[in-house]
Amino acid sequence: MAESFFVRKTVRFNNVAADFNEEEIDMGAFIDVQSGSLVRLLRVQVVYSDNTGRSTEIQDHATAATQWQLTTQPQSDIVLASDKTVVASGRIIANGGVFVIVGSHLPTAAYEDFDLNPSDWENSYLIATESLYLG
2 MAESFFVRKT VRFNNVAADF NEEEIDMGAF IDVQSGSLVR LLRVQVVYSD NTGRSTEIQD
62 HATAATQWQL TTQPQSDIVL ASDKTVVASG RIIANGGVFV IVGSHLPTAA YEDFDLNPSD
122 WENSYLIATE SLYLG
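Using my numbering, the first residue of the sequence shown is number 2, and each one after it goes up by one.
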């Protein structure tokens with residue numbers, strides 16, 4: 002019988018437009034292709050926060066956006082969801098409206114979108130690589 006487990010990874014972004022950061026997730030302890038030990042990925046969840054884990058603030062009338070991808074090979078930038086290495090991908094867009102007090106505030110609206118998530122597949126997503134890459 003298969004066991005359930007969680008894999009967690011933090012990727013820090015520099016808050017610079019068009020900047021791409023990526024971190025490797027070592028799956029070698031769970032995967033041995035020769036013996037048939039693979040991972041069935043059921044779901045990917047993403048948390049968007051500042052470097053302390055709190056909600057990110059944005060300036061009045063500003064728009065902020067970020068996107069991410071989980072791939073089976075390292076990338077140098079975001080790739081299209083049609084790329085065969087993409088396991089999951091998504092984005093968030095936030096708007097800062099008019100506030101009574103001028104400055105940084107929590108967004109007045111945030112829109113999250115998963116382009117692709119293993120939960121979209123009926124039987125999950127089978128992983129046979131010893132590393133995944135979150136960027």
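All C-beta atoms, glycine included, are put in the ideal place defined by N, C-alpha and C.
Note that the coordinates shown come from a computational prediction; the quantities given were computed from them, not determined experimentally.
Residue i and residue j look like a contact to me (Cβ under 8 Å); what is the Cβ gap, rounded to whole Å?
| i | j | result |
| --- | --- | --- |
| Ile-93 | Thr-67 | 6 Å |
| Leu-213 | Ala-89 | The first residue shown for the chain is 2 and the last is 136, placing residue 213 beyond what the model contains. |
| Ile-26 | Ile-128 | Contact doesn't hold; Cβ gap of about 10 Å is too wide. |
| Gln-76 | Glu-24 | The Cβ separation is near 12 Å, so there is no contact. |
Work out the CA separation of residue j and residue i for me, nearest whole Å.
| i | j | result |
| --- | --- | --- |
| Gly-29 | Ser-50 | 28 Å |
| Ser-83 | Val-48 | 24 Å |
| Arg-41 | Tyr-126 | 6 Å |
| Arg-55 | Leu-71 | 23 Å |
| Val-8 | Gly-37 | 20 Å |
| Leu-39 | Glu-58 | 40 Å |
| Asp-114 | Trp-69 | 11 Å |
| Arg-13 | Asn-52 | 7 Å |
| Ile-79 | Leu-133 | 15 Å |
| Glu-123 | Glu-4 | 19 Å |
| Phe-21 | Gln-60 | 22 Å |
So, at 6 Å on beta carbons, what are the nonlocal neighbours of residue i in its own chain, with the 5 sequence-adjacent residues on each side left out?
| i | result |
| --- | --- |
| Thr-73 | Thr-86, Thr-130 |
Looking only at C-alpha atoms, which of the options sits nearest to residue i?
| i | options | result |
| --- | --- | --- |
| Ala-111 | Glu-123, Glu-4, Gly-97 | Gly-97 |
| Leu-81 | Asp-121, Thr-109, Gln-46, Gly-136 | Gly-136 |
| Phe-6 | Trp-122, Val-45, Glu-113 | Val-45 |
| Asp-121 | Gly-91, Lys-10, Glu-4 | Gly-91 |
Determine the extent of the beta strand (DSSP E) in which residue i is found, giving its start and end residues.
| i | result |
| --- | --- |
| Ala-30 | Here Ala-30 belongs to no beta strand (DSSP E), and DSSP marks it neither H nor E. |
| Leu-107 | Run containing Leu-107: none; DSSP gives neither H nor E here. |
| Ile-93 | 87 to 96 |
| Ile-79 | Careful: Ile-79 lies outside any beta strand (DSSP E) and carries neither H nor E. |
| Ala-63 | Careful: Ala-63 lies outside any beta strand (DSSP E) and carries neither H nor E. |
| Ser-132 | 132 to 135 |
| Val-40 | 40 to 42 |
| Tyr-49 | Tyr-49 -> no beta strand (DSSP E), and no H or E assigned at all. |
Report all residues from its chain with a CB closer than 7 Å to the CB of residue i; omit the five preceding and five following residues, and keep chain order.
| i | result |
| --- | --- |
| Val-34 | Ala-129 |
| Thr-109 | Asn-96, Gly-97, Gly-98 |
| Leu-107 | Ser-56, Glu-58 |
| Lys-10 | Glu-24, Ile-26, Leu-135 |
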